[in-house]
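S.K.: Residue numbers (our numbering): 38 to 431. Yeah, the Cβ is synthetic: ideal placement off N, Cα and C, and Gly gets one too.
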Ligand code: P1T
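Laid out in structure tokens, this is it:
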């Protein structure tokens with residue numbers, strides 16, 4: 038495994054192997070098999086400018102470098118960058134834009150991403166349009182001469198829409214815009230945006246990559262050398278970098294990424310199917326269901342449908358709220374992608390920063406509940422959901 042140091046060729050190896058080894062050869066000084074946590078904030082130089090690849094901890098750190106190499110390998114990209122949060126990663130990428138530039142963004146994104154574009158970048162003169170990217174005709178019309186970036190999640194948060202990465206990448210390429218795919222929900226286990234033509238991939242590593250709900254982190258991966266140069270510059274200049282300890286935890290979490298995501302997807306498919314036949318449920322949104330409008334595209338573009346389910350409880354807010362309070366194994370909490378199952382109410386919790394009228398137009402109803410399926414036993418999780426629905430009905 039010595040060949041698997043940062044930057045080593047990783048073609049031909051499967052994601053499960055890369056997750057355990059990429060960027061993480063045994064430590065050359067001690068033989069430590071697990072990547073050491075290097076806490077030092079600075080690195081000695083033999084003479085001014087004569088260093089061993091590290092100078093100052095914000096600019097680079099060995100534990101962070103291992104994580105960056107690993108995430109890059111998982112996404113099939115050449116260059117990886119780690120950040121102190123998903124939004125830190127997003128902010129760093131978006132600062133590549135200039136006043137007067139325009140972002141064409143999917144209409145369904147994490148509330149914090151919407152807030153960043155709407156409340157932080159718009160006042161700086163970087164405008165955004167939020168468009169249903171499943172309608173390629175509307176996408177063509179939404180491009181402006183100053184559109185520099187197309188930004189999308191797929192599956193989206195929280196409505197699990199599926200957008201065609203390849204088609205959007207080719208539209209953007211023809212118009213000179215970068216395509217950024219937030220791959221947090223799908224993870225590289227299920228979807229490879231760079232291979233489909235995206236310029237860069239973003240992650241909230243807080244979610245599936247770390248997988249244990251004990252780190253806030255982010256990452257960006259690209260194979261574009263010039264873009265990577267600029268991202269690296271911004272990463273150091275802006276300074277939204279993760280601690281070495283957090284990098285270690287994310288690396289450790291990544292080792293079981295494939296196992297966790299496959300298990301969560303298996304259970305989610307079972308629960309989505311049962312929910313779709315439950316009398317108290319108005320509508321189930323899960324890309325693995327044939328009723329999902331993006332099912333065929335998801336089958337083509339992904340290797341599985343993921344661990345996230347959204348559904349509308351009959352009876353609106355009072356029933357959705359009672360359901361969330363009645364759960365015993367699921368915790369009612371924001372976030373997703375951990376080993377533990379979580380449930381939340383997007384309109385009140387994760388997407389409260391989106392104006393009410395816009396939320397309603399999108400379909401983020403008061404009865405909408407989002408589930409993040411963990412790795413607990415599938416039957417126990419279904420029993421919990423069924424029992425909570427019964428209690429919510431009074
Ligand atoms: O929370 P942070 O690590 O900064 O990541 C932001 C972010 C980016 N992209 C997607 C798709 C996300 O879902 C998130 C964060 N989302 C939640 C906290 C949530 O519960 O939806």
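1) Applying the criterion that 16 or more other CB atoms from any shown protein chain within 10 Å of the CB defines a buried residue, is residue 83 buried or exposed?
2) Hey, would you say residue 184 sits closer than 7 angstroms to residue 159, going by beta carbons?
3) On the three-state DSSP scale, how would you describe residue 428?
4) Check whether the stretch 296-308 and the stretch 138-158 touch, using three or more Cβ-Cβ pairs below 8 angstroms as the test.
5) For residue 370, collect the residues of the same chain with a Cβ closer than 7 angstroms to its Cβ; drop the 5 residues on either side in sequence, then sort them by chain order.
6) Do residue 272 and residue 118 have their CB atoms nearer than 7 angstroms?
7) If you draw a straight line from the C-alpha of residue 402 to the C-alpha of residue 355, how long is it?
8) With distance defined between alpha-carbon atoms, name the residue in 377, 408, 246, 229 nearest to residue 340.
9) Leaving out five residues before and five after residue 113 in sequence, what residues of the same chain have Cβ atoms less than 6 angstroms from its Cβ?
10) Could you give the residue range of the alpha helix (DSSP H) that holds residue 270?
11) Can you pull the DSSP bridge partners for residue 345?
12) Assuming residue 196 contacts residue 322 under a Cβ cut-off of 8 angstroms, what Cβ separation, rounded to an integer in Å, is found between them?
13) I believe residue 59 touches residue 106 by the beta-carbon criterion, under 8 angstroms. Please report the beta-carbon distance rounded to the nearest angstrom.
14) Let's see if you can read the secondary structure: which residues bound the beta strand (DSSP E) around residue 291?
15) Counting only the same chain and skipping the five closest in sequence on each side, list residues whose C-beta sits under 8 angstroms from that of residue 324.
16) Would residue 235 and residue 218 qualify as a contact pair, given that the criterion is a beta-carbon distance under 7 angstroms?
17) Count the other CB atoms within 10 Å of the CB of residue 282; is the residue buried (16 or more) or exposed (fewer)?
18) For the structure I just gave you, are there three or more beta carbon pairs, one from the stretch 48-58 and one from the stretch 96-111, closer than 8 angstroms?
19) At which residues does the alpha helix (DSSP H) containing residue 358 begin and terminate?
20) Is residue 348 near residue 406, with beta carbons less than 7 angstroms apart?
21) Compare the Cα-Cα distances from residue 250 to each of 416, 178, 376, 285 and report the closest residue.
22) Below 7 angstroms between beta carbons: does that hold for residue 122 and residue 253?
23) On a Cα-Cα basis, can you pick out the residue from 161, 81, 326, 412 that is closest to residue 297?
24) May I have the straight-line CA-CA distance separating residue 279 from residue 74, to the nearest angstrom?
25) Going by DSSP, what residues sit across from residue 165 in a beta bridge?
26) Over what stretch of residues does the alpha helix (DSSP H) that includes residue 105 continue unbroken?
27) Using the rule of at least 16 other Cβ atoms within 10 Å of the residue's Cβ for burial, across every protein chain shown, is residue 71 buried or exposed?
28) Quick check: the Cα distance between residue 307 and residue 390, rounded to an integer number of angstroms?
29) Could you tell me the alpha carbon to alpha carbon distance between residue 143 and residue 65, rounded to whole angstroms?
30) DSSP has residue 190 in a bridge; who is on the other side?
31) May I ask you to report which of helix, strand or coil DSSP gives residue 54?
32) Closest by CA to residue 201, which one among 180, 225, 169?
33) Nearest-angstrom Cα distance between residue 38 and residue 52?
34) With H, G and I counted as helix, E and B as strand and the rest as coil, what does DSSP make of residue 185?
35) Where do the ends of the beta strand (DSSP E) carrying residue 70 lie?
M.R.: Taking the structure as given:
1) Label assigned to residue 83: exposed.
2) Cβ distance not < 7 angstroms, so residue 184 and residue 159 don't count as in contact.
3) It is helical.
4) Because the criterion of three Cβ pairs below 8 angstroms is not met, the stretch 296-308 and the stretch 138-158 do not touch.
5) Closer than 7 angstroms at the Cβ level, and outside the excluded window around residue 370, lie 379, 381.
6) Yes, the pair counts as a contact, with Cβ atoms nearer than the cut-off.
7) Straight-line Cα distance between these residues: approximately 12 angstroms.
8) Nearest option by C-alpha distance: 229.
9) The beta carbon of residue 113 is closer than 6 angstroms to those of 229, 231, 232 in its chain, skipping five residues each way along the sequence.
10) Secondary structure note for residue 270: its alpha helix (DSSP H) is the uninterrupted segment 262-275.
11) BP columns for residue 345 point to 409.
12) The beta carbons of residue 196 and residue 322 sit about 6 angstroms from each other, so the pair counts as a contact at 8 angstroms.
13) The C-beta separation of residue 59 from residue 106 comes to about 6 angstroms, placing the pair in contact by the 8 angstroms criterion.
14) Counting along the chain, residue 291 sits inside no beta strand (DSSP E); it lies in the alpha helix (DSSP H) bounded by residues 281-291.
15) So the list reads 192, 197, 199, 331, 332, 335, 339, 342, 343, once near-sequence residues are dropped.
16) Yes, the pair counts as a contact, with Cβ atoms nearer than the cut-off.
17) By the neighbour-count definition (other C-beta atoms within 10 Å, threshold 16), residue 282 is an exposed residue.
18) Touching, yes.
19) Per DSSP, residue 358 is one residue of the alpha helix (DSSP H) stretching across 353-363.
20) Cβ distance < 7 angstroms, so residue 348 and residue 406 count as in contact.
21) Selected option, being the one with the closest Cα: 376.
22) Cβ distance < 7 angstroms, so residue 122 and residue 253 count as in contact.
23) When each option's Cα is compared against that of residue 297, the closest is 412.
24) If I take the Cα positions, the gap works out to 12 angstroms.
25) Answer is 140, bridged to residue 165.
26) Note, residue 105: alpha helix (DSSP H), 99-111.
27) Burial call: exposed.
28) Cα to Cα, residue 307 sits roughly 32 angstroms from residue 390.
29) The straight-line gap from Cα to Cα measures roughly 45 angstroms.
30) Beta-bridge pairing links residue 190 to 219.
31) Three-state result, residue 54: helix.
32) Measuring from the Cα of residue 201, the nearest candidate turns out to be 169.
33) Low local confidence applies: a pLDDT of 38 at residue 38 is under 50, so the model's placement there is unreliable, with the coordinate-based value given in what follows. Whole-angstrom Cα-Cα distance: 15 angstroms.
34) Looking at residue 185 - three-state DSSP - the assignment turns out to be strand.
35) Element bounds for residue 70: n/a, residue is neither H nor E.
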